[in-house]
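>
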Amino acid sequence: MRILAIETSCDETALALVECTGGLRAPKFSVRAELVASQASTHAPWGGVVPMLAKREHEKNLPRLYRTFSANTLPTPDLIAVTVGPGLEPALWAGIEFAKTLRKTAFPRVPLVGANHLEGHLASALLAPEAARRAANKKLGEMFPAVALIVSGGHTILLSVSSLRSWKKLGETRDDAVGEAFDKVAKMLGLPYPGGPAIQALAAEGNPMAVPFPRPMLHTKDFDFSFSGLKTAVRYHLASEGVEARRKKAKADIAASFQAAAVEVLAAKATRAIRQTGARSLLLSGGVAANTVVRTALAAVAKETGALFFAPPMQFNTDNAVMIAAGAYLRKLRGGRGVPLRANGTMSV
Ligand code: KG4
Ligand code: ZN
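Per the working numbering, the very first residue in the sequence shown carries number 289; after that it's consecutive.
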């Protein structure tokens, strides 16, 4: 099944054409074409994504991106999938309207379906080379039950995944998402948006044990997270240290200490989730999974607990349309009701 996917839930405009084969037992994804246009520089002066600006940029980017995308004659898709949620509703609408027009004008006989952004992030773990290898050897089944950790700018979710047909939420953040905390702390430190990569780079020069920031909800018996207190602790630390904390070395220490606190909580909860559910693998995905310290720590969790570890190749951690195609393929195979073509900002996984 050849899927043309469109993603506009936040500040990335993305298109992909993905050849999906193998069914639910051994799904394989072969990317025929892929494009992502980041709006980071548009939102940077505001220190975060402005929904109406995002909508306008998507409306501008989509036709431009599609022209580049279709410059090499592309085969007709069997299915068009567009992200309908969760995300910023004005941004989602831009994608949905574009998808409808594209279908009407270019592919009138091709079905158009709504896609869930979080299912895309979840499916993106199957883009890991190791998952592709297992699918090719029909050994993908051995990875279940699995625990999935989705860490992005909008979400921090732990799932217990019994198969590609069913999963259940174990816990999620009660306030800020972990990526949001990275972005906000970056802003406090005067780093550019998006903050995640900037914090990671600065943290590499700092001491992760320099400031004993809190590890919110580290020892609670549930699988929920909270990152707003950690962010506030950084703010208080900056205020109390004053000018001193604004020196380059002090900032690097703060970035490293903040990152270490966030990573410790993610790792501890993932460890407990794997042990408690008897999971055979850990799937890590979402924009924050691009962080090498996060990735290394979660890979170590998998090793310690005897689980396999799957995380997407670097370019498929942050928002992209390849993961949307992958998620849409699995949903199509599961059957059941389609997702309405209506923006749904708070859609759950
Ligand atoms: O998945 P994503 O592209 O969009 C959402 O669905 O939210 O994730 C974006 C988030 C942002 O908060 C960004 O700062 C964070 O992922 N991020 C990182 C890194 N790269 C992106 N956070 C930490 N370290 C990184 N290297
Ligand atoms: Zn995302």
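All residues carry an ideal CB built from backbone N, CA and C; glycine is no exception.
Measure the alpha-carbon distance for Phe604 versus Tyr354 and round it to whole angstroms.
Each residue's Cα considered, the two are about 19 Å apart.
> Between the Cα of Lys348 and those of Ser440, Glu322 and Glu385, spot the shortest distance and give me the residue it belongs to.
Nearest C-alpha to Lys348: Glu385.
> Whole angstroms is fine: what's the gap from Leu341's alpha carbon to Gly467's?
Going by the C-alpha atoms only, they are around 20 Å apart.
> Whole angstroms is fine: what's the gap from Glu300's alpha carbon to Lys591's?
Each residue's alpha carbon lies about 33 Å from the other.
> Measuring only the C-alpha atoms, how far is Leu518 from Tyr524?
Answer to the nearest angstrom: the Cα atoms are 10 Å apart.
> Locate the alpha helix (DSSP H) running through Arg320, then write down its first and last residues.
Unbroken run through Arg320 is the beta strand (DSSP E), Lys316 to Ser326; no alpha helix (DSSP H).
> Alpha carbon to alpha carbon, how far is Ala556 from Ala631? Give it in angstroms, no decimals.
If you take the alpha carbons of Ala631 and Ala556, they lie about 35 Å apart.
> Cβ-heavy atom distance between Asp607 and the ligand ZN below 7 Å?
Flag set: Cβ of Asp607 near the ligand ZN.
> So within the stretch 324–391, which uninterrupted beta strand (DSSP E) runs reach at least 3 residues, ignoring any that extend past its ends?
List check, beta strand (DSSP E) in window: 367–373.
> Please report how far the alpha carbon of Ser432 lies from the alpha carbon of Met611, in whole angstroms.
Rather than Ser, the amino acid found at residue 432 in this sequence is Phe. Taking the straight line joining both Cα atoms gives about 20 Å.
> What is the DSSP secondary structure of Arg462, reduced to helix, strand or coil?
In the structure shown, Arg462 sits in coil (DSSP, three-state: anything other than H, G, I, E or B).
> Just to confirm, does Ala555 get its C-beta within under 7 Å of one of the non-hydrogen atoms of the ligand KG4?
For the ligand KG4, not one heavy atom lies less than 7 Å from the Cβ of Ala555.
> Since Leu447 sits in a beta bridge, which residues does DSSP pair it with?
Paired residues: Ala436 and Lys457.
> Would DSSP call Gly638 helix, strand or coil?
Any property of residue 638 remains undetermined from this structure, which presents the chain solely from 289 to 637.
> Taking C-alpha atoms, which residue in Ser326, Thr330 and Cys308 lies nearest to Arg320?
Checked all of Ser326, Thr330 and Cys308; the closest Cα to Arg320 is Cys308.
> Just to check, is the beta-carbon of Asp471 closer than 7 Å to a non-hydrogen atom of the ligand GDP?
No copy of the ligand GDP appears in this structure; the ligands present are the ligand KG4 and the ligand ZN.
> Buried or exposed for Leu666, going by 16 or more other Cβ atoms inside 10 Å?
The question about residue 666 has no answer, for the chain in this structure spans 289 to 637.
> Alpha carbons only, please: which of Arg503, Val551, Ser454 and Val449 is nearest the one belonging to Ala491?
Here the closest residue by C-alpha is Val551.
> Quick one: residues in its chain with C-beta nearer than 6 Å to the C-beta of Ala533, no 5 flanking neighbours on either side, listed in chain order?
If we look at Ala533 and ignore the five residues flanking it on each side, its Cβ neighbours are Leu526.
> Using C-beta distances below 8 Å, list every residue in its chain close to Arg391, excluding the 5 sequence neighbours before and after it, in chain order.
The residues are Ile368, Val398 and Leu400.
> Among Ile291, Ala302 and Ala558, which one has its Cα closest to the Cα of Thr593?
Nearest of Ile291, Ala302 and Ala558 to Thr593, Cα basis: Ala558.
> Between Arg583 and Ala549, which are expected to be in contact by the criterion C-beta below 8 Å, what is the C-beta distance as a whole number of angstroms?
In fact, because the Cβ distance is near 17 Å, the residues do not count as touching under 8 Å.
> Quick check: is any heavy atom of the ligand ZN less than 7 Å from the C-beta of His346?
No, the Cβ of His346 stays beyond 7 Å of every heavy atom of the ligand ZN.
> Hey, would you say the C-beta of Gln603 is under 7 Å away from at least one heavy atom of the ligand KG4?
Result no, Cβ not under 7 Å from the ligand KG4.
> Where Ala302 and Ala293 are concerned, what is the direct C-alpha to C-alpha distance, given to the nearest angstrom?
Computed Cα separation, rounded: 8 Å.
> Taking Cβ to Cβ, would you say Val324 is nearer than 8 Å to Phe317?
Contact flag unset, no.
> To the nearest angstrom, report how far apart Lys343 and Ser636 are at their CA atoms.
Near 22 Å, if we compare the C-alpha coordinates of Ser636 and Lys343.
> Strictly by DSSP, which residues pair up with Gly402?
Its beta-bridge partners are Val370.
> DSSP three-state label for Arg290, please.
Correct three-state label for Arg290: strand.
> Who pairs with Phe598 in a beta bridge, going by DSSP?
Looking at the DSSP assignment, Phe598 forms a beta bridge with Leu571.
> Just curious, the alpha helix (DSSP H) that Glu529 is in, first and last residue?
Where Glu529 is concerned, the enclosing alpha helix (DSSP H) stretches over Ser516 to Glu529.
> Between His443 and Leu415, which are expected to be in contact by the criterion C-beta below 8 Å, what is the C-beta distance as a whole number of angstroms?
No, His443 and Leu415 are not in contact; Cβ-Cβ is about 18 Å, not under 8 Å.
> If you count every other CB in all the chains shown that lies within 10 Å of the CB of Glu345, and 16 or more means buried, which is it?
Buried, because 16 or more other Cβ atoms sit within 10 Å of the Cβ of Glu345.
> In chain order, what residues of the same chain lie with their CB nearer than 7 Å to the CB of Gly336, ignoring the 5 residues before and after it?
Same-chain partners within the cutoff: Asp471 and Tyr481.
> With distances taken Cα to Cα, identify the nearest neighbour of Ala670 among Cys298, Ala538 and Gly311.
Within the shown structure, residues of the chain are numbered from 289 to 637, placing residue 670 beyond reach of any answer.
> Could you give the distance in angstroms between the alpha-carbon of Leu428 and the alpha-carbon of Arg290?
Distance between the alpha carbons of Leu428 and Arg290: 21 Å.
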